[in-house]
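Under my numbering, think of the first position of the sequence shown as 835, with each following residue one higher.
Glycine residues also receive a C-beta, built at the ideal position from the N, C-alpha and C atoms.
Encoded as structure tokens, the structure appears first; notes follow it.
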Amino acid sequence: MKNLELILEDIELADSNTHNTFNVYYDADTKLMHAFENDAKLLPKQYVYRLTCEQDYIAKKYRQEILEYRLCKVTPEDEVCLGDIFMYGQFNQKI
835 MKNLELILED
845 IELADSNTHN
855 TFNVYYDADT
865 KLMHAFENDA
875 KLLPKQYVYR
885 LTCEQDYIAK
895 KYRQEILEYR
905 LCKVTPEDEV
915 CLGDIFMYGQ
925 FNQKI
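Structure representation (structure tokens):
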């Protein structure tokens, strides 16, 4: 896990049983996303996710609905990033 890239910061996870926020990182080596709990009093929780399909396929096939979920107004220049796909939630598999 040395090639972690921060993709989302201070988000709430729907499948978490905590009220704390999480930072989500992408591991380019394993193609996994790691959500690390912020401000945990005891042992911070960590969740690991993978996409159910390839990122490029999801971004192209579901572009409009993902961007409509994430943005108020979608323009032709808007692109779907990994953070958008993660927040949309339909293509995440918790492992």
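For residue j and residue i, the rounded distance between their alpha carbons
i: residue 888; j: residue 869; result: 19 angstroms
i: residue 937; j: residue 919; result: No answer is possible for residue 937: the residues shown for the chain start at 835 and end at 929.
i: residue 892; j: residue 928; result: 17 angstroms
i: residue 848; j: residue 890; result: 24 angstroms
i: residue 844; j: residue 910; result: 28 angstroms
i: residue 925; j: residue 876; result: 30 angstroms
Residue of the options minimising C-alpha distance to residue i
i: residue 874; options: 864, 885, 911 and 852; result: 852
i: residue 885; options: 923, 850, 905 and 878; result: 923
i: residue 862; options: 840, 879 and 881; result: 840
i: residue 882; options: 894, 872, 914 and 864; result: 864
Residue i: first and last residue of the uninterrupted alpha helix (DSSP H) it sits in
i: residue 916; result: 916 to 922
Residue i Cβ short of 8 angstroms to the ligand ATP heavy atom set
i: residue 841; result: This structure lacks the ligand ATP; in fact it carries no ligand of any kind.
Any contact between the stretch 851 to 867 and the stretch 895 to 912? By contact I mean 3 or more CB pairs, one from each, below 8 angstroms.
Under the three-pair Cβ rule at 8 angstroms, the stretch 851 to 867 does not count as touching the stretch 895 to 912.
Alpha helix (DSSP H) runs contained entirely in the stretch 866 to 907, provided each spans 4 or more residues:
Secondary structure within the stretch 866 to 907: the alpha helix (DSSP H) runs of 4 or more consecutive residues, fully enclosed, are 889 to 895 and 897 to 904 (chain order).
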